[in-house]
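Peer 1:
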Amino acid sequence: MPKNPHLAVLDAALAAEAAFVRAEHERQQGLRFPDRVIVGLSAGPLDLLDDRPGGWGRRRLELRLQRGVPWHDGIRPGDPVRLLPLGGEGWLDAICDLAEDGDYEIVTTRSLSMTGPFELQARLDQRTTERYRKALAAADLHGFLLKQPLLDADVGGDPVDHPAFAELEASQRSAAATALDAPLAGIHGPPGTGKTHTIVALLQAWTQRGERVLALADSNAAVDHLAERASAAGLRVLRLGHPARFRPAVESMGLEARVRAGLLGPALDALGRDLDKLGGDRSRAAGGERKRLAYERRRLLDQARRDEIDRADVVASTLGTFARQDTDGWPPLPVAIVDEATQAIEPAIWAAAPSVERLVLVGDPEQLGPVVKQPGNPLERSLMQRLVATADLPMLRVQRRMNRSIQALVDDVYSGELTPHPAVADALAQDLAGVAPTPLTGRPTLWLDHAGADFAEERDPVTASLHNPGERRLVVAVVQQLRDAGVPAESIAVVAPYSAQVQRLRLELPDIDVNTVNAFQGRERDVVVCSWVRSNESGDLGFVADGRRLTVALSRARCLHVSVGDSATLASHPRFASLLEIFAAQDAIDSVWSAPWNALLP
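Residue numbers (our numbering): 13 to 614.
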């Protein structure tokens, strides 16, 4: 346990979160197999389609759900998994490399000795938490340049302009100049204000001065986005992490891909082939040869990785992946920048901070914070939120995403300081290519109200998540109207706060991007339809009352935002009450009791 009071609180919070997650995982493992599938812990029954060499001494197994079995996306590429025979004994640990429409590919270092059908189960991996706790213990014992600024939340420095900032607008340029040389800096970036544009300008400024940069974020999606934008700006980006979690556009930037294409790639491939030839031979001679080959491969691989890091301008990684790296022997990384900083738990920042001399955090404290499973855990408060509480961070003020009426839905959150760029201020869905003008596509906002229609919320008996069948009918009808008007499916997103509603809507809208509000943070679409789900006599909103979740949901759309909800339930919360007043002022409230929506009443 660290002696420093702040670090001790973080360490205890990590331990409590780990115990909570472990208990929930064990609870789910104790469910019946069909219920394990429903909650997303498992997939199956699965048949084995192929078992082949996966390169560098690994095996690649291809599996498919049996006919008629519904697919659940609880297991995703990059997840650690365990393959078990249904009704049999034994297991095989692996990494999921593909999960798509019932097809799975997993990569393992062991040979398969079981027969199917199989269950694929998500494996609990708490190594990142362990590394975070070790980082806190090390920070408690040792000094480093950023230790005291992090403890004191001491941000800022003298502004320094740079030619790389020439194309930034005024608020972006001011924020970048403040961050360029500060030991610890923060930039407040509301939705659509060009956070990534500002980050890339900083990356260019640092690299032009000969400094290698560590670009971090909490999610793989955010890291991929940074990597793409930095690469497009002419920077050499090296992406750390498991390739299964990368977008296709950044696969060639991955460390493994760069190593394969590098000078030592052919030698590593040859060693991998030699390991594959040994197969399942368990003789003493084969064991000795396998050990020698594995040692030589590991030695060459470490050298190849150091060479690639040395050649990179920007090393891009999730915070969790970076925490698991052995950075001994790495070339210096003078500065790190963290995007989505409000979504990162504070110990993740402490794990990265000793490796750098300067640190810049970029995010929006008005949007969702870290994903923490244990209610009330101190980890719910990010380091970025601590900075905002003690300092006036520079804020980006010109948003280039939303129609001005959509921006009005969140104006109060940002004290009216946002300005819509002229290019987006009056954008409508009917302006999109091939889209016809209709009462829906010709407006920027709509609240579709089903108060009094008895579209009550329901609780899923297995997951305990909420869904609303009547509200789903309205959402499907809205999407159908949009599609009939010519709005492309890829221009539409549907979001809901509850996973049970999301899972059901995905079945009803298979061509539409449907996600939880949490999962959609950081993303945008021309049209966003939000299903609020809650409809009850007591006015209970649960976590829907979280103002940050509401801000995220309201700020994803460019041209049209549609909220579907029960005003009688939701208006019991002051923020929703104010929001409904804004919709009313925009003449943007339709009732399910009016045409054409009344056709959907029971």
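The C-beta atom is built at its ideal place from N, Cα and C for all residues, glycine as well. Quantities reported herein were computed from a predicted structural model and do not represent experimental measurements.
Spatial neighbours of residue 337 within its chain, please: C-beta separation below 6 Å, excluding the five flanking residues on both sides.
Peer 2: none
Peer 1: Would you mind sorting residue 127 into buried or exposed? The rule is 16 or more other CB atoms within 10 Å of its CB.
Peer 2: exposed
Peer 1: DSSP three-state label for residue 510, please.
Peer 2: In the structure shown, residue 510 adopts coil according to DSSP, grouped into three states.
Peer 1: CA-CA distance, residue 596 and residue 455?
Peer 2: Cα to Cα, residue 596 sits roughly 13 Å from residue 455.
Peer 1: Does DSSP put residue 11 in a helix, in a strand, or in coil?
Peer 2: The displayed coordinates of the chain run from 13 to 614. Any statement about residue 11 would go beyond what the structure contains.
Peer 1: Would you kindly check if the distance between the Cβ of residue 33 and the Cβ of residue 390 is under 8 Å?
Peer 2: no
Peer 1: Using DSSP with H/G/I as helix, E/B as strand and the rest coil, what is residue 22?
Peer 2: helix
Peer 1: Is it the case that the region 85 to 96 contacts the region 123 to 142, given that we only count it when at least three CB pairs across the two stretches are under 8 Å?
Peer 2: At 8 Å Cβ cutoff, the stretches touch.
Peer 1: Going by beta-carbon coordinates alone, are residue 226 and residue 436 separated by less than 8 Å?
Peer 2: Cβ distance not < 8 Å, so residue 226 and residue 436 don't count as in contact.
Peer 1: If I'm right that residue 537 touches residue 568 with Cβ under 8 Å, what's the distance once you round it to whole angstroms?
Peer 2: 6 Å between Cβ atoms; contact.
Peer 1: Output yes or no for whether 8 Å exceeds the beta carbon distance between residue 236 and residue 270.
Peer 2: no
Peer 1: Compare the beta carbon distance of residue 224 and residue 343 with 8 Å and say whether it is the shorter of the two.
Peer 2: It is a contact, given that the beta carbons lie within the stated cut-off.
Peer 1: The beta strand (DSSP E) that contains residue 329, what's its start and end?
Peer 2: 326 to 330
Peer 1: Cutting at 6 Å between CB atoms, please list the residues of its own chain near residue 147, excluding the five before and the five after it.
Peer 2: 362, 363
Peer 1: Tell me the rounded alpha-carbon separation between residue 190 and residue 168.
Peer 2: If I take the Cα positions, the gap works out to 7 Å.
Peer 1: With which residues is residue 315 paired in a DSSP beta bridge?
Peer 2: Note: residue 315 sits in no beta bridge, so no partner.
Peer 1: Rounded to whole angstroms, what is the Cα-Cα separation between residue 506 and residue 535?
Peer 2: 12 Å
Peer 1: Which residues does DSSP pair with residue 407 in a beta bridge?
Peer 2: Answer is 200.
Peer 1: Determine whether the beta carbon atoms of residue 412 and residue 206 lie at a separation below 8 Å.
Peer 2: yes
Peer 1: If we ignore side chains and look at the alpha-carbon of each, how far apart do residue 132 and residue 475 end up?
Peer 2: 19 Å
Peer 1: Hey, is the region 171 to 181 in contact with the region 375 to 393, meaning 3+ C-beta pairs nearer than 8 Å?
Peer 2: no
Peer 1: Looking at the strands, I want to know which residues DSSP matches up with residue 459.
Peer 2: In the DSSP output, where bridge partners are listed per residue, residue 459 has 575, 601.
Peer 1: Have a look at 306, 323, 278, 183 and flag the residue whose alpha-carbon is nearest the alpha-carbon of residue 250.
Peer 2: 323
Peer 1: If I follow the unbroken alpha helix (DSSP H) through residue 236, where does it start and stop?
Peer 2: 232 to 244
Peer 1: Would a C-beta distance cut-off of 8 Å place residue 468 and residue 548 closer than the cut-off?
Peer 2: yes
Peer 1: Does DSSP put residue 499 in a helix, a strand or coil?
Peer 2: coil
Peer 1: Quick one: using the 10 Å Cβ neighbour count with 16 as the cut-off for buried, is residue 555 buried or exposed?
Peer 2: exposed
Peer 1: Quick one, are the C-beta atoms of residue 187 and residue 199 less than 8 Å apart?
Peer 2: yes
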